[in-house]
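Q:
There are 2 protein chains.
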Amino acid sequence: MKKFKRIPQHIGIIPDGNRRWAQNKGLEKQDGYRFGIDPGLELYDTCIELGIKEMTFYGFTVDNTKRPPEQIKAFQKACVDAVECLAKRDADLLVVGNTQSSLFPKELLPYTKRTRFGKGLIKINFLVNYGWNWDLNYSVKDRDFNSNDDLVKRIASSEISRLDLIIRWGGRRRLSGFLPIQSIYADFYVINEMWPDFNKEQIYQAFAWYQDQDITLGG
Amino acid sequence: MKKFKRIPQHIGIIPDGNRRWAQNKGLEKQDGYRFGIDPGLELYDTCIELGIKEMTFYGFTVDNTKRPPEQIKAFQKACVDAVECLAKRDADLLVVGNTQSSLFPKELLPYTKRTRFGKGLIKINFLVNYGWNWDLNYSVKDRDFNSNDDLVKRIASSEISRLDLIIRWGGRRRLSGFLPIQSIYADFYVINEMWPDFNKEQIYQAFAWYQDQDITLGG
Numbered sequence: 518m519k520k521f522k523r524i525p526q527h528i529g530i531i532p533d534g535n536r537r538w539a540q541n542k543g544l545e546k547q548d549g550y551r552f553g554i555d556p557g558l559e560l561y562d563t564c565i566e567l568g569i570k571e572m573t574f575y576g577f578t579v580d581n582t583k584r585p586p587e588q589i590k591a592f593q594k595a596c597v598d599a600v601e602c603l604a605k606r607d608a609d610l611l612v613v614g615n616t617q618s619s620l621f622p623k624e625l626l627p628y629t630k631r632t633r634f635g636k637g638l639i640k641i642n643f644l645v646n647y648g649w650n651w652d653l654n655y656s657v658k659d660r661d662f663n664s665n666d667d668l669v670k671r672i673a674s675s676e677i678s679r680l681d682l683i684i685r686w687g688g689r690r691r692l693s694g695f696l697p698i699q700s701i702y703a704d705f706y707v708i709n710e711m712w713p714d715f716n717k718e719q720i721y722q723a724f725a726w727y728q729d730q731d732i733t734l735g736g
Numbered sequence: 518m519k520k521f522k523r524i525p526q527h528i529g530i531i532p533d534g535n536r537r538w539a540q541n542k543g544l545e546k547q548d549g550y551r552f553g554i555d556p557g558l559e560l561y562d563t564c565i566e567l568g569i570k571e572m573t574f575y576g577f578t579v580d581n582t583k584r585p586p587e588q589i590k591a592f593q594k595a596c597v598d599a600v601e602c603l604a605k606r607d608a609d610l611l612v613v614g615n616t617q618s619s620l621f622p623k624e625l626l627p628y629t630k631r632t633r634f635g636k637g638l639i640k641i642n643f644l645v646n647y648g649w650n651w652d653l654n655y656s657v658k659d660r661d662f663n664s665n666d667d668l669v670k671r672i673a674s675s676e677i678s679r680l681d682l683i684i685r686w687g688g689r690r691r692l693s694g695f696l697p698i699q700s701i702y703a704d705f706y707v708i709n710e711m712w713p714d715f716n717k718e719q720i721y722q723a724f725a726w727y728q729d730q731d732i733t734l735g736g
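Taken in sequence, the protein lines are chains A and B.
If you use this note's numbering, the first sequence closes out at 736, no skipped numbers anywhere.
If you use this note's numbering, the second sequence closes out at 736, no skipped numbers anywhere.
(1) Would DSSP call Tyr702/A helix, strand or coil?
(2) Which stretch, first to last residue, makes up the beta strand (DSSP E) that contains Trp686/A?
(3) Does any C-beta atom of chain B lie closer than 8 Å to the C-beta of Asp523/A?
(4) Would Gly534/A be called buried (16 or more neighbouring beta carbons within 10 Å of its own) or exposed?
(5) Ala595/A and Gly553/A - do their beta-carbons sit closer together than 8 Å?
(6) Would you mind reading off the limits of the beta strand (DSSP E) that contains Thr742/A?
(7) Looking at the unbroken alpha helix (DSSP H) that takes in Tyr727/A, where does it start and where does it end?
(8) Apart from the five residues just before and just after Ile524/B, which ones in its own chain have a Cβ nearer than 8 Å to its Cβ?
(9) Expressed to the nearest angstrom, what Euclidean distance is found between the alpha-carbon atoms of Gln540/B and Ile732/A?
(10) Would you identify the three-state DSSP class for Asn615/B, choosing helix, strand or coil?
(11) Of all Cβ atoms in chain B, is any one closer than 8 Å to the Cβ of Asp729/A?
(12) Return the residues of the segment 653 to 676 of chain A that lie within a Cβ-Cβ distance of less than 9 Å from chain B, sorted by chain order.
(13) Mind checking which residues open and close the alpha helix (DSSP H) that includes Leu653/A?
(14) Could you work out which residue in Val613/A, Gln547/A and Lys623/A is closest to Lys630/A when comparing CA atoms only?
(15) Name the residue from Phe521/B, Asp652/B, Tyr702/B and Asp681/B whose alpha carbon lies nearest to the alpha carbon of Arg671/B.
(16) Does any C-beta atom of chain B lie closer than 8 Å to the C-beta of Pro586/A?
(17) Would the segment 656 to 671 of chain A and the segment 579 to 592 of chain A be scored as touching if the rule is three or more Cβ pairs under 8 Å?
(18) Given that Gly580/B touches chain A, what residues does it touch there, using C-beta distances under 8 Å?
(19) Taking its Cβ as the centre, do 16 or more other Cβ atoms sit within 10 Å of Glu571/A, making it buried, or is it exposed?
(20) Straight-line CA distance for Lys636/B to Gly736/A?
Next comes the structure, spelled out in structure tokens:
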């Protein structure tokens, strides 16, 4: 078992590159998403082994729903399948996203309140039909909100804690709207391989890098 | 003169590593900041040469003011000097930060409304005593704000446009509260050298990388 001097409490996962992976294999773009389920479960096992307390998966965003319908269907299904697989393991699950839109998969409505499955062991948040703009504006849509409140405490994703480390697959070095508040002081690690080519060595390398970072939070 | 297929419209600059640079030279930590002025002016020249339309410098943040007083004094002075130097060139200058705190340098108050110096040529934003939390909450402190408004359009930094590319010196791979809204889709490029060791080859390398990025904005 791998040991690190210091591990992140909460990691964010941006599982990018499914479409590019599919094209490289001669498949249709939308066929990539279903190859993203097993990597997620392997990552789950790795995080349990390492003692991670919380992880957040970037499922799909409101911006992603500008894509062609066959792709939308495929990533919606992949999110439903992933959440249902995790619900058969040990996890405190929470799905966060705009449920008031028809693009939110109805099958995931029961998961929008945090629920313990099995022995819990790890908090897992799954962003589904998530929008950074929706997340921030949610606070002020609340009738009880008043201008003296800290809006940061009232955002839609307020149950999700500050991120220590964000890992993005697929080589792109950008956050693409991933939890802007929780990402403020997160360290950002990019893996060039596509998400369906996940292997746990990638996580070990990310953690090996992370353990040597000097965390100051601006001080 | 360098040519690129595509250049960013708006770049963000996180000039980190002044303290580590000073320590490596056997100086006191706070002595690093004054070596950060000339790099800024050289970067200004490079951006004018390349045709960049807008740039935003991360001066200092509310979180940075937790540091020892001699450091606070040093980075305040460096910001004042930098803005006053830029005001002698061609630039549309704007300083954004919490002016209601005593930590905001009074010398910079005249710059908190965008002002053209010389022929303009480039928009330059300078964040001084900036806080991400202050920036976001600013919107709802406005008496005219109502819950149907998009708070993102009413933040304190709303005059600063979306960032295309953020370049951070000093090796750290994190945003540290830098304009969370404008950073949403920005590409993030990290230079391992410390900011006082700036040279324009670093910018050319960042731009060479940037020109090959596929910009999708989530679509």
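Backbone N, C-alpha and C define an ideal beta-carbon position, used for all residues, glycine too.
A: With the structure as the only source:
(1) coil
(2) Leu682 to Trp686
(3) The sequence as given places Arg at residue 523/A; Asp does not occur at that position. With 8 Å as the cut-off, Arg523/A does not count as an interface residue toward chain B.
(4) buried
(5) yes
(6) Here chain A comprises residues numbered 518 to 736, so residue 742/A is not present and cannot be evaluated.
(7) Lys717 to Tyr727
(8) Leu567, Gly568, Ile569, Phe724, Tyr727 and Gln728
(9) Gln540/B and Ile732/A: Cα-Cα distance of roughly 18 Å.
(10) Asn615/B: coil per DSSP, three-state reduction.
(11) no
(12) Leu653, Asn654, Ser656, Val657, Lys658, Asp659, Arg660, Phe662, Asn663, Ser664, Asn665, Asp666, Asp667, Leu668 and Val669
(13) Trp649 to Lys658
(14) Val613/A
(15) Asp652/B
(16) no
(17) no
(18) One point to set straight first is that residue 580/B is Asp, not Gly, in the sequence displayed. Chain A residues near Asp580/B: Leu734, Gly735 and Gly736.
(19) buried
(20) Approximately 38 Å between the Cα atoms of the pair.
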